[in-house]
Amino acid sequence: MKQIRIIAVGKIREPFWAQAAGHYLKRLSHSMKVLEVIVKDGNARMSTEARSAEEGERILAALLPTDIPICMDEHGKTRTSVQFARFLEDALLDGNRTPCFIIGGAFGLSAPVLEACRHKISLSPMTFTHEMARVLLLEQLYRADSILRGSPYHHE
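Numbered by our numbering, the letters in the sequence shown go through residues 108 to 263 in order.
Structure below.
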């Protein structure tokens, strides 16, 4: 079974986002194993830079040597859903390595995390809450998997 990892900062607190994330995780579980690693938010009393750096250290510590780090970043490359499906397919075929999607906290990803990532992907040029970004990523992963399986979920 195909496997991907997601490293995200902070728990999903809003019940409707948690329900939406659970919905797509359940749908994905039929064809791929999704391992979620949640790292603790940075201290809210810190400056935004210090908070992002603290979260970044936790993210880097959670990365495995077999991970293909993929940052979700508003300045990353945008792709259509079909292009994202092909990207995912290529990443899943990369030997014994696991695609690992990284979603930062409220203040984004630190420079060391961005530098550690082989790929940077943008969900949109707009900025989203990290809870919303997680749901959008999960939906796009499900859509990509559907495209690769030839499922009618995605239609153009």
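Backbone N, C-alpha and C fix where the C-beta goes; we use that ideal spot for every residue, glycine too.
A distance below 8 Å between beta-carbons, with the five flanking residues on each side excluded, links Ala223 to the following residues of its chain, in chain order: Leu167, Leu170, Pro176.
Of all C-beta pairs linking the region 211-231 to the region 159-166, three or more are shorter than 8 Å, placing the two stretches in contact. Shown here for Ala151: same chain residues with a beta carbon closer than 8 Å to its own, the five before and five after excluded, namely Arg158 in chain order.
Beta-bridge analysis with DSSP links Met139 to Lys109. Apart from sequence neighbours up to five positions away, the residues of its chain that approach Met139 with a beta-carbon distance below 7 Å are Met108, Lys109, Gln110, Ile111, Asp252, ordered along the chain. In the DSSP assignment, Ala115 is bridged to Ile145, Ile210. When only Cα atoms are considered, Gln126 and Leu221 end up about 29 Å apart.
According to DSSP, residue pairing for Lys227 in a beta bridge involves Cys178. For the set Glu156, Leu132, Thr155, Ile113, the Cα lying nearest the Cα of Ile145 is the one of Ile113.
If you look at Tyr249, you'll find it in the alpha helix (DSSP H) that goes 237-256.
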